[in-house]
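Asker:
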Amino acid sequence: MAAMSLGFIVLVTPWTIQEVVAACTGSRAPPSLDFVATWLALSNSFWYPFIYWTLNNHFRRLSREIFTGDNDLNT
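Residue numbers (mature numbering (1 follows the signal peptide of the UniProt record, and there is no 0)): -22 to -1, 1 to 53.
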């Protein structure tokens, strides 16, 4: 669970900082920086299955069984 929280913080913090700076100063970041920060924040959910697969043996086993078509979950 800590990895999920850390991933969320790392991916969403640049966008949050950008928005706070924009609200306080009234100036926006360059479009390329805005694009990268926004898509990092939006890609947060995309990375969750990879983090689960890397860190959780049970999730890894079940996902292998699903993708290989082996539905015998009792072995």
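Using N, Cα and C, we set each Cβ at its ideal position, and we do this for glycine too.
Considering only C-alpha positions, which residue in the set VAL14, ARG42, ILE(-6), ALA15 is nearest to PRO27?
Answerer: Here residue 27 refers to the residue found at position 49 when the sequence shown is read from its first residue. If we check each option's Cα against that of PRO27, ARG42 comes out closest.
Asker: My output table needs one value for SER41: the three-state DSSP class, helix, strand or coil.
Answerer: Taking the first residue of the sequence shown as 1, we reach residue 41 at position 63. Three-state DSSP puts SER41 in a helix.
Asker: For ALA15, is the classification buried or exposed, using 16 other Cβ atoms within 10 angstroms of its Cβ as the cut-off for buried?
Answerer: On the sequence shown, position 37 is the one that residue 15 refers to. The residue is buried, with at least 16 neighbouring Cβ atoms inside 10 Å.
Asker: Measure the alpha-carbon distance for GLY4 versus TRP(-8) and round it to whole angstroms.
Answerer: Here the question's residue 4 lines up with position 26 in the sequence shown. Here the question's residue -8 lines up with position 15 in the sequence shown. Distance between the alpha carbons of GLY4 and TRP(-8) is about 15 angstroms.
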